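Residue numbers (UniProt numbering): 1 to 240.
We put the beta carbon where it would ideally sit given N, CA and C, even for glycine.
As the structure is a prediction and not an experimental result, all values here were calculated from the model.
Worksheet: the structure to be examined is printed underneath.
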Ligand SMILES: N[C@@H](CCC(=O)N[C@@H](CS)C(=O)NCC(=O)O)C(=O)O
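Here you go:
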């Protein structure tokens, strides 16, 4: 079934999310950029361990958010992993127009290769450092009343600095992470970059002009403004 022709942007998707958290926010950005309508949004409160309740574990044995159920398929498609869901939504519901699509041109092998490279850098280099650093310095003390491991953070900061230097270099000759148009690969970076910029490491981008210019391009988009203005307070609040 070509879902794009069913109805412009309506969907039969149920989204399970805790919209205060980075992985769900990665997906919320994608949904906003596509302009996709999701009427059934179930908030799963991680701070109350709702994601470990049997009814949720039955739907997603990994016990994490986000995940979706798309009733457009028979049987319905159950899908976890924010990046996989973002790619799926962009494929299934995103624009057919290559310039507006959040995916690379399917007929351009170089564009596909650059996209895969950017997506891989995000997951294996950026997220590998940023995720742990933001957890240690933001979520662990504020949400879980844990103690930040200063030694671990020092190492993570050094690793992260190396990664952002490479990103800055990459963005010297292109506007976005995978080339000259926005793709989901850019959106993959956004939630953790947001927390680094807003609280954990506000100077990270200061001496990296190309990365800063990219970040300005991202943060002036309606998707960023709507998702992160809404959840600004949630990131720093204490949940339990
Ligand atoms: N790789 C997964 C990670 C999912 C994940 O860890 N989500 C977090 C919220 S950002 C969560 O549900 N944490 C609760 C837990 O793991 O207990 C994705 O990208 O969706």
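Proximity below 7 Å, CB of residue i to CB of residue j
i	j	result
residue 90	residue 163	no
residue 156	residue 174	no
residue 98	residue 192	no
residue 56	residue 13	no
residue 211	residue 171	yes
residue 136	residue 124	no
residue 168	residue 208	yes
residue 82	residue 66	yes
residue 118	residue 205	no
residue 32	residue 223	yes
residue 34	residue 94	yes
residue 38	residue 59	no
Residues near residue i in its chain [Cβ-Cβ closer than 6 Å; skip 5 each side]
i	result
residue 227	25, 28, 29
residue 77	70
residue 161	none
residue 146	140
Check: residue i C-beta below 6 Å from any heavy atom of ligand 1
i	result
residue 21	yes
residue 200	no
residue 46	yes
residue 86	no
residue 81	yes
residue 64	yes
Buried or exposed (CB count within 10 angstroms, at least 16 for buried), residue i
i	result
residue 109	exposed
residue 122	buried
residue 113	exposed
residue 107	exposed
residue 127	buried
residue 54	exposed
residue 144	exposed
residue 49	exposed
Which residues DSSP lists as bridging residue i, in chain order
i	result
residue 77	70
residue 14	40, 69
residue 179	176
Cβ neighbours of residue i in the same chain (closer than 7 Å, five flanking residues each side left out)
i	result
residue 225	none
Residues near residue i in its chain [Cβ-Cβ closer than 8 Å; skip 5 each side]
i	result
residue 23	64, 65, 66, 82, 191
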